[in-house]
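Peer 1: To convert a position in the sequence shown, counted from 1, into my numbering, add 113. From the three backbone atoms N, C-alpha and C, an ideal C-beta is built for every residue, glycine too. Encoded as structure tokens, here's the structure I'll be asking about.
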Amino acid sequence: MYPVLVKIGGLELYTQTVLIFLAGLAGLWLALRCADRLSVPREAVLDVTIWGFLAAMLGARALFVLLYWPYYRLYPIEILTLEGGGLSFQGGLLASGLAGLYIARRRGLNPWKVGDVMAPGLALALPIMRVGCLMNGCDSGIATTVPWGLPIGGVVRHPIQLYEAGANLLLLPLLWRLPLGRYERGALRPSPPGLAFLSYLFLSSLVRLGVDFYRPLEEKLPLGLTPPQLISLGMMGISGVWIAKLLLSGKGALDFSILPESPENYQKRCPSQGPGQRATKSTGSST
């Protein structure tokens with residue numbers, strides 16, 4: 114389509130690279146706005162975005178290489194290049210989620226609430242990245258005769274990049290509104306932390322599951338599904354169970370208190386104890 118945005122001599126600036134950068138900025142902008150609404154410190158959101166973005170790029174590339182290892186085993190040098198595409202959204206989401214979880218705990222924040230802040234930004238960033246895939250001519254759909262098909266590589270194909278981008282944009286209003294809760298009997302009932310993030314995880318996986326039926330040249334597994342579709346089913350199952358738990362209990366999806374917390378945040382939370390100490394239950398004797 115339009116893979117190279119600018120070419121100066123032997124230097125080429127890829128359209129997809131520029132759009133990935135713009136996607137990160139757009140996601141950060143929306144996450145900061147959402148942070149103000151949910152009373153989450155902007156500094157924490159900035160940290161999660163920066164480190165989450167870096168982790169997402171590494172995770173997205175790592176999972177893509179793993180899924181197509183028979184090819185990259187023969188051409189290992191291509192692992193280090195993104196020419197022609199080569200990022201897995203699911204790998205990026207997992208890696209960025211782990212990075213965000215770690216940073217949130219280190220700052221003494223509820224990781225699920227931070228996830229709710231980031232969910233709308235993810236739904237905005239992904240469509241921009243998918244347009245980058247379209248411009249790069251990668252990750253295209255199967256050949257088609259539908260009126261909205263696009264000529265890619267000399268063949269009219271389903272623009273599955275735009276299908277996924279459009280579906281994520283449709284999720285934006287829901288993810289923006291969901292953390293605020295709903296009114297019951299004239300009073301606002303806040304949504305339990307994690308509901309928006311888990312909803313995005315479930316719905317984006319559902320979108321990927323459907324879109325992949327229009328993706329060509331994918332290795333089919335015994336169930337007739339592609340590896341990314343099986344990953345999507347797993348993500349839908351896990352997030353669906355957590356969503357049900359949230360709606361039934363009204364509490365957080367999981368307790369991450371066992372994860373490490375910075376000494377500074379622990380000292381603020383428990384000022385009567387020294388750094389590195391933990392409260393112990395008094396039994397009247399010591400051993």
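Just checking, does the region 272 to 280 make contact with the region 143 to 157 on the three C-beta pairs under 8 Å criterion?
Peer 2: no
Peer 1: What distance in whole Å lies between the Cβ atoms of CYS246 and THR342, which are believed to be in contact at a cut-off of 8 Å?
Peer 2: Sequence check: residue 342 is Gln here, not Thr. GLN342 to CYS246, Cβ: 18 Å. No contact.
Peer 1: Helix or strand or just coil, what does DSSP make of PRO264?
Peer 2: In the three-state scheme derived from DSSP, where H, G and I count as helix and E and B as strand, PRO264 is classed as strand.
Peer 1: Thinking C-alpha only, which one of ARG218, GLY228, LEU284 is nearest GLY210?
Peer 2: GLY228
Peer 1: Hey, out of PRO116, TYR327, TYR184, GLY137, whose CA is closest to THR258's CA?
Peer 2: Selected option, being the one with the closest Cα: TYR327.
Peer 1: On the three-state DSSP scale, how would you describe ILE121?
Peer 2: strand
Peer 1: At what residues does the alpha helix (DSSP H) containing ALA144 begin and finish?
Peer 2: 128 to 151
Peer 1: In whole angstroms, give me the CA-to-CA distance for VAL178 and TYR185.
Peer 2: 7 Å
Peer 1: Relative to the alpha-carbon of LEU141, which residue among PRO292, SER318, MET349, ALA232 has its alpha-carbon at the smallest distance?
Peer 2: ALA232
Peer 1: Taking only the alpha-carbon atoms, compute the straight-line gap between GLY350 and ARG243 and give it to the nearest angstrom.
Peer 2: 25 Å
Peer 1: Can you tell me whether ARG328 is helix, strand or coil according to DSSP?
Peer 2: coil
Peer 1: Please state whether the Cβ-Cβ distance between LEU308 and LEU319 is less than 7 Å.
Peer 2: no
Peer 1: Inspect the beta-carbon positions of ALA357 and ALA238 and report whether they are closer than 7 Å.
Peer 2: Not in contact: ALA357 and ALA238 (Cβ atoms no closer than 7 Å).
Peer 1: Could you pull the start and end residues of the alpha helix (DSSP H) that LEU211 belongs to?
Peer 2: From DSSP, the alpha helix (DSSP H) with LEU211 extends over 202 to 219.
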